[in-house]
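Engineer: Take a look at this one; I'll ask things after.
Protein chains in written order, with my numbering: chain U, 1 to 384; chain S, 1001 to 1211.
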């Protein structure tokens, strides 16, 4: 099986597993205070080292990192925590881009139902947030803006620097979902005035069920799950120490060299598909896109049929087609960039990871070429 | 590896039968649209005396269950009279395929409707249809029996999802017993609008959710 769905989840790296193992079998205690027992103190050390590891990849202080169960929780915490802290003091308005991934998008929708005022920011045909619109949307009541770094589906990388400058000038907090860009693209919180960053391990060959939220020191945020006093009383629940250790190891293992390799595979898929298969549209930006992501619409054919045929040929891919989704709805991202249903239904996402090679990129296009031709023979949308 | 599809579905998906267009068909039916995600075209050749379907072909823009049902429906219809072919149901097609996942009922029911539309097209061309009837709540409910509840694979009338239907001055109002943020709310709304929007005396379809 050639796995090309690395933005959904990745294969765990053995080195990550080895790093985690002692925290399952030897040092399995919870993190105790320094007045606790030695196994707990040792566990705490492991946790704090992991925190330093994640912090260093963001240019953050370790104290600004809170471990969570993944990007869904991180983004929920960021949005719900900040609005809870500021709704009385500042206002009830938040702004999110309309192509955010579900953790941000559906949290914003849930807040809207609770009476918050939410602006869903339009994006241009390549998926970029319009900065003028963003600036215009900000009011005195605006408490938080959430704009992702790289898009989960079409890979578009936002100009976070410009976004953050607007937020800073208008004194509005900025959250960014970096689930798909963390360690793959530069993001240094010392240089970029971003207040909250969502990250997760499952996209970088770490374990699933662990993520982190960067919270800039001094950011007003309430605890959003009630319980114990873990994570400096910011996130309740028994700490996932093996997960945190694995996450830090996974982050450490990502190198610029590897990222360049993924980018070469991405480019191969995009170039070959556009050159060899008729009626193909690239979704997202050609230049400013996640290094691991290619997303193409193969017109006149439907995505679930493509992915099933591809599966029979040994390739794992995903599509923005309604038939493939759990809600039977076409991709909100493709629709958000002004695409129609047909463009969403025929869209296929290829996402590369550590265990892929250039041969995979070549092979997937050969197979795609055959499958698409086959499905077009039976498609009523093709003039024959 | 376990797909939600039977071996028979996968076999028809891999090697669909009777694919393509018939030049100069006696009847043609087109159901669905790119917007709803699935589309089926069915073409028939009919023996004028016996009214037997001599040849039938289909085209599909859709998912695996759509393609497989299109394929199997052509096998079922070939050699049957129009009257017999009209009675082919989604259930029959589904049974022939060894069952279909409930959530895919919508996509596969289109193929059956495509065949019926092709037969209706033939009948209309040959003056075999009665006058158009006025749209009443009963007509609406009859049509809505073709809208599937993706949770069960049964239609939304039978699963009592429709609380109320009214028809007034060309406007149909359908009240659906689901919250508007339900997982399938948009899919069901789209499906209802599509099924009713084509009625000849209807100008607008309003789908209202209960919460």
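All C-beta atoms, glycine included, are put in the ideal place defined by N, C-alpha and C. On a predicted model such as this, the values are computed, not experimentally measured, just so you know.
If you compare alpha carbons, which of 315(U), 322(U), 330(U) and 284(U) is closest to residue 352(U)?
Structural biologist: Ranking 315(U), 322(U), 330(U) and 284(U) by Cα distance to residue 352(U) puts 315(U) first.
Engineer: Locate the beta strand (DSSP E) running through residue 1208(S), then write down its first and last residues.
Structural biologist: 1204–1209 is the span of the beta strand (DSSP E), which, as asked, contains residue 1208(S).
Engineer: Assign residue 1200(S) to one of two classes, buried (16 or more other C-beta atoms within 10 Å of its C-beta) or exposed (fewer than that).
Structural biologist: Exposed, by the Cβ-count rule.
Engineer: So, helix, strand or coil for residue 1082(S), using DSSP?
Structural biologist: In the structure shown, residue 1082(S) sits in a helix (DSSP, three-state: H, G or I).
Engineer: When you compare the CB of residue 1148(S) with every CB in chain U, is at least one pair closer than 8 angstroms?
Structural biologist: Not one chain U Cβ lies under 8 angstroms of residue 1148(S).
Engineer: Mapping DSSP to helix, strand and coil, what is residue 1122(S)?
Structural biologist: Residue state, collapsed to three classes: helix.
Engineer: Any C-beta of chain U sitting closer than 8 angstroms to the C-beta of residue 1013(S)?
Structural biologist: Output row for residue 1013(S): interface = yes.
Engineer: CB residue 214(U) to CB residue 197(U), shorter than 8 angstroms?
Structural biologist: Cβ atoms of residue 214(U) and residue 197(U): closer than 8 angstroms.
Engineer: Is residue 1105(S) near residue 1042(S), with beta carbons less than 8 angstroms apart?
Structural biologist: No, Cβ-Cβ distance for residue 1105(S) and residue 1042(S) is not below 8 angstroms.
Engineer: Is the CB-CB distance between residue 1110(S) and residue 1056(S) below 8 angstroms?
Structural biologist: The answer is no: Cβ separation not under 8 angstroms.
Engineer: Do the stretch 240–252 of chain U and the stretch 73–92 of chain U touch if we need at least three Cβ pairs shorter than 8 angstroms?
Structural biologist: The stretch 240–252 of chain U is not in contact with the stretch 73–92 of chain U.
Engineer: Taking Cβ positions only, does residue 341(U) come closer than 8 angstroms to chain S?
Structural biologist: For residue 341(U), the answer is yes, since a Cβ of chain S falls inside 8 angstroms of its Cβ.
Engineer: In the stretch 170–234 of chain U, which residue ranges form an unbroken beta strand (DSSP E) of at least 3 residues, counting only runs that do not cross its ends?
Structural biologist: Qualifying beta strand (DSSP E) stretches, in chain order: 173–177, 196–200 and 211–215.
Engineer: Is the stretch 1061–1074 of chain S in contact with the stretch 366–383 of chain U, if contact means three or more CB pairs nearer than 8 angstroms?
Structural biologist: Yes, the stretch 1061–1074 of chain S touches the stretch 366–383 of chain U.
Engineer: Along chain U, which residues have their Cβ under 8 angstroms away from the Cβ of residue 1034(S)?
Structural biologist: Those within 8 angstroms of residue 1034(S) in chain U are 340, 341, 342, 345 and 381.
Engineer: Could you tell me the alpha carbon to alpha carbon distance between residue 1101(S) and residue 1150(S), rounded to whole angstroms?
Structural biologist: Each residue's alpha carbon lies about 9 angstroms from the other.
Engineer: Mind checking if residue 308(U) is an interface residue toward chain C, Cβ cutoff 8 angstroms exclusive?
Structural biologist: Judged by its chain identifiers, the structure shown contains no chain C, and its protein chains are U and S.
Engineer: How should residue 298(U) be labelled, buried or exposed, when 16 other C-beta atoms within 10 angstroms of its C-beta is the threshold for buried?
Structural biologist: Buried, since its Cβ has 16 or more Cβ neighbours within 10 Å.
Engineer: Looking only at its own chain, which residues have a Cβ that is under 7 angstroms from the Cβ of residue 1026(S), when we skip the five neighbours before and after it?
Structural biologist: Excluding residues within five positions, the ones whose Cβ falls inside 7 angstroms are 1044, 1045, 1046 and 1122.
Engineer: Run through DSSP, which three-state label would residue 24(U) get?
Structural biologist: Reduced to three states, the DSSP call for residue 24(U) is helix.
Engineer: Whose CA, out of 109(U), 367(U), 354(U) and 374(U), lies closest to the CA of residue 14(U)?
Structural biologist: Of the candidates 109(U), 367(U), 354(U) and 374(U), the one whose C-alpha sits nearest the C-alpha of residue 14(U) is 354(U).
Engineer: Are there 16 or more other CB atoms within 10 angstroms of the CB of residue 1166(S), so buried, or fewer, so exposed?
Structural biologist: The residue in question, residue 1166(S), is exposed, as its Cβ has fewer than 16 Cβ neighbours within 10 Å.
Engineer: Quick check: the Cα distance between residue 270(U) and residue 39(U), rounded to an integer number of angstroms?
Structural biologist: Each residue's Cα considered, the two are about 51 angstroms apart.
Engineer: May I ask you to list the residues that DSSP assigns as paired with residue 1058(S)?
Structural biologist: Answer is 1019(S) and 1042(S), bridged to residue 1058(S).
Engineer: Beta carbons nearer than 7 angstroms to chain U: which residues of the stretch 1052–1068 of chain S have them?
Structural biologist: Answer in chain order: 1059, 1060, 1061, 1062, 1063, 1064 and 1067.
Engineer: What residues of chain S sit near residue 321(U), judged by a beta carbon separation below 9 angstroms?
Structural biologist: Within chain S, the residues near residue 321(U) are 1037 and 1063.
Engineer: Would you mind sorting residue 1034(S) into buried or exposed? The rule is 16 or more other CB atoms within 10 Å of its CB.
Structural biologist: Residue 1034(S) should be labelled buried.
Engineer: Consider the Cβ of residue 1208(S): report whether some Cβ of chain U lies at a distance smaller than 8 angstroms.
Structural biologist: It does not; no Cβ of chain U falls within 8 angstroms.
Engineer: Only counting the same chain, and skipping five residues up and downstream in sequence, which positions put a Cβ closer than 8 angstroms to that of residue 35(U)?
Structural biologist: Once the five neighbours on either side are set aside, residue 35(U) has no close Cβ partner at all.
Engineer: Quick one: what's got a C-beta closer than 6 angstroms to residue 1164(S)'s C-beta in the same chain, skipping five residues either side?
Structural biologist: Around residue 1164(S): 1175.
Engineer: Shortest alpha-carbon distance to residue 344(U) belongs to which of 178(U), 361(U), 382(U) and 301(U)?
Structural biologist: It is 301(U) whose Cα lies nearest to the Cα of residue 344(U).
Engineer: Would you grab the beta carbon distance between residue 161(U) and residue 192(U) for me? Rounded to a whole angstrom, and I think it's under 8 angstroms.
Structural biologist: Confirmed, about 6 angstroms.
Engineer: Decide if residue 1013(S) is buried, meaning its Cβ has at least 16 other Cβ atoms within 10 Å, or exposed.
Structural biologist: Buried, because 16 or more other Cβ atoms sit within 10 Å of the Cβ of residue 1013(S).
Engineer: Give the interface partners of residue 1041(S) over in chain U, defined as CB-CB distance under 9 angstroms, in chain order.
Structural biologist: What residue 1041(S) touches in chain U: 380.
Engineer: Cβ atoms of residue 1077(S) and residue 1088(S): under 8 angstroms apart, would you say?
Structural biologist: A contact, by the Cβ cut-off of 8 angstroms.
Engineer: Is DSSP giving residue 289(U) helix, strand or coil here?
Structural biologist: If DSSP states are grouped into helix, strand and coil, residue 289(U) belongs with the strands.
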